Structures are given as C-alpha cells and as structure tokens.
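To get this note's numbering, take the position in the sequence shown, counting from 1, and add 1.
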Amino acid sequence: MRIGKPLEHAQAAVKALDVVDPVLKLTALGRQLGYAGYLWNDMLVWAHSAKVRPLPAAQFATIQRRAARLWFAGIAFSLASSLYRLADLRRREQAARRVRSDAEKEGERRGELRAIKTQQSAVRTQFLQDALDLLIPAGTLGYHHLDDGVLGLVGTVTSLMGLRTQIAKVLGGK
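Below, the structure written as structure tokens:
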C-alpha cells in the first residue's frame, strides 16, 4: 500500500497541470510533488527501519531530512492554496451579498451564499489541519522544539480531522 502512494501523488501532479487558475495550478503541483517526494523518501526510511534495506547512518539521516523538507513543502503549498481560495471565496461572498432585484434572483443569491459558506468551512478546516500537520516536519527540521507528546497529540488530532472528512465524504456530507 505504501509503495503506490508516491505514484498516486505523481499522477495527481500531472492532473494539476490541467487546472486553469495559475495560482491553484502551481500550489496543486507543488503540493503533489512535495507529497510524492516525501512518500518516496519515507518508503526508504521504512525499508531501513524494517531492516529490508539497511543504510549507512549518514545516508539514512539525509533521507530523513529530505523527507521532512518535502513534506514541509507539500504542506506549505497546501496552506498557500487555502489562503488563496479563502480570499477568492471572500470576494465571491461580498459580490453575492448584494441584494438582487427580483424574488427569483434573491433565491439564487441565498443559495450561492450557502454554497460559499460551505466551501469556506471546508477550506478553513483544511487550513487548520495543514497548519497543525506542518508542526511535525517543522520539528524534524529543527524549526521548533515541541516535545514528542505534543507532536503525537497534533498527529492524533489531524488524523481524527481527516477521518471526519472522509466519513462526511462517504456519507454524503452528513
């Protein structure tokens, strides 16, 4: 299962080339390539740790650091994408708040505002999850010195957030 994940992200990076908006294209491409590189290096870390492919200590440390940098970069691109999308949603919300002339258009406006609020909530949740997730590779890279207990709690919280999102997708947004 672990072996195919880098390929899935590489394939998603290729699909990101079709995105029309240049900022969303760049952030999607950066995110997917960062995750693909991270997972490839993480697979090598796993192979060493499981004694499948032992590596010299210096090479192992280099691979671990590279994995953390790529994970950090992927999350940073995701955060940038979320900020960009939130700004766009805010602009769309302001435009939709203008009262329409007739009742039919007013109904459309209210529906559009509900859709925007739903999208904003999803993007904010993703932003929070990414911001918390960023702490994990940032710690590996020495950008902070939070203890392992705090980082474990962060990982648990973001895993539960991801589980909640997946359950909502499977159950149709319930």
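All residues carry an ideal CB built from backbone N, CA and C; glycine is no exception. Since this is a predicted model, take the numbers as computed values, not measurements.
Close-in-space but distant-in-sequence residues of the same chain around residue i (CB under 6 Å, 5 per side omitted)
| i | result |
| --- | --- |
| alanine 62 | none |
| tyrosine 144 | none |
| leucine 56 | His49 |
| methionine 162 | Gln130 |
| lysine 6 | Leu40 |
| glutamine 127 | Ser83 |
| isoleucine 117 | Leu90, Arg93 and Glu94 |
Beta-carbon proximity check, residue i vs residue j, cutoff 9 Å
| i | j | result |
| --- | --- | --- |
| glycine 31 | alanine 77 | yes |
| glycine 150 | isoleucine 137 | no |
| aspartate 37 | leucine 18 | A small correction: the amino acid at residue 37 is alanine; aspartate does not occupy that position in the sequence shown. In this structure, leucine 18 does not lie closer than 9 Å to alanine 37 by Cβ. |
| alanine 69 | leucine 154 | no |
| valine 100 | leucine 133 | no |
| leucine 135 | leucine 80 | yes |
| alanine 13 | glutamine 33 | yes |
| phenylalanine 73 | alanine 11 | no |
| glycine 75 | glycine 35 | yes |
| leucine 114 | arginine 98 | yes |
Residue i (DSSP reduced to helix, strand or coil)
| i | result |
| --- | --- |
| isoleucine 4 | coil |
| histidine 146 | coil |
| leucine 30 | helix |
| arginine 165 | helix |
| phenylalanine 20 | Contrary to the premise, residue 20 reads as valine rather than phenylalanine in this sequence. Valine 20 falls in the coil class under three-state DSSP. |
| arginine 180 | The requested residue 180 does not occur in the structure, where the chain is confined to residues 2 to 175. |
| aspartate 103 | coil |
| proline 55 | coil |
| glycine 173 | coil |
| glutamine 66 | In the sequence as displayed, the identity of residue 66 is arginine instead of glutamine. In this structure, arginine 66 counts as helix in the three-state DSSP scheme. |
| arginine 86 | helix |
| arginine 98 | coil |
Neighbourhood of residue i by C-beta distance below 8 Å, restricted to the same chain and skipping five residues each side
| i | result |
| --- | --- |
| tyrosine 85 | Val24, Leu25 and Thr28 |
| asparagine 42 | Ile64, Gln65, Arg67, Ala68 and Leu71 |
| glutamine 95 | none |
Beta carbon proximity, residue i to chain B, threshold 9 Å
| i | result |
| --- | --- |
| arginine 92 | The structure shown contains no chain B; it holds only a single protein chain. |
Residues of its chain near residue i, where Cβ-Cβ distance is below 7 Å and the 5 sequence neighbours each way are ignored
| i | result |
| --- | --- |
| valine 20 | Lys26 and Ala29 |
| leucine 1 | No information on residue 1 is available, as it lies outside the stretch 2 to 175 that the chain covers here. |
Touching or not, the segment 89-98 and the segment 116-123, by the rule of three or more beta carbon pairs under 8 Å? yes
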